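Numbering (the numbering used here), first residue to last: 1 to 181. Structure first, then comments.
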């Protein structure tokens, strides 16, 4: 299998920022096959991506990292899934997919102007999506696409011939009047 580009990085990935977090979700197999857009609510506390919840310097030995303050409203995150097909049934233990979502991770230390960390979204393919994960229907334009130009059929050729005959007759009349014909 050759290399496949899944996306592009538009933010600095190694600059100072808040701690990275990890979140796991299940999506429907057909959503991955189609490359659908999904939406889910981000929990307030998530596992630290550096230690997997065991406790480290990044999470101050807590194992968990806050993604928002206690009084802040829940955050809805939208992600476009890459087009991907799994080779095997759901019970085969197929690998999960990890997508890095910049600026949706843990909060930076209070008083710093650093951006939030990254959300490491681990996506597992299943027969159906878990509750809380919804597919985002992409809006389609309300105006229909322009109709293709009609191809000249027999009626078009007849009209073209009639115009040519009329122009020829006018030309002959002009020649008669001018005394040249």
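Backbone N, C-alpha and C fix where the C-beta goes; we use that ideal spot for every residue, glycine too. Owing to the predicted nature of the structure, the values given are computational and were not obtained by experimental measurement.
Alpha-carbon to alpha-carbon, residue 52 and residue 97: 16 Å
Status (buried if at least 16 other CB within 10 Å, exposed otherwise) for residue 40: buried
Range covered by the beta strand (DSSP E) that runs through residue 41: 37-42
Spatial distance of residue 48 from residue 119 (CA atoms): 10 Å
Integer Cβ distance of residue 50 from residue 16, believed to fall under 8 Å: Contact flag wrong, Cβ pair sits at about 14 Å.
Pairwise C-alpha distance: residue 156 and residue 28: 52 Å
Residue 74 vs residue 42 beta-carbon contact at 9 Å: yes
Whole-angstrom distance between residue 44 and residue 70, CA atom to CA atom: 8 Å
Closer than 9 Å to chain C by CB, residue 24: Of the chains in the structure shown, none is chain C; there is only one protein chain.
Contacting residues, own chain, Cβ-Cβ under 6 Å from residue 56 (five flanking each side not counted): 50
Nearest-angstrom Cα separation, counted from residue 114 out to residue 21: 16 Å
Range covered by the alpha helix (DSSP H) that runs through residue 182: In the structure as shown, the chain starts at 1 and stops at 181, and residue 182 therefore has no counterpart that could be examined.
Identified DSSP bridge partners for residue 45: 66
Residue nearest to residue 103 in terms of C-alpha spacing, selected from 35, 67, 72: 67
Cβ shell of residue 80 (< 6 Å), same chain only, five flanking positions each side left out: 37
Bridge partner(s) assigned by DSSP for residue 123: 25, 97
Chain-order list of residues whose beta-carbon lies under 6 Å from that of residue 161 (same chain, five-residue window excluded): none
First and last residue of the uninterrupted beta strand (DSSP E) at residue 133: Premise fails: residue 133 is in no beta strand (DSSP E) and is neither H nor E.
Closest residue to residue 78 among 65, 121, 148, 46 (Cα-Cα distance): 121
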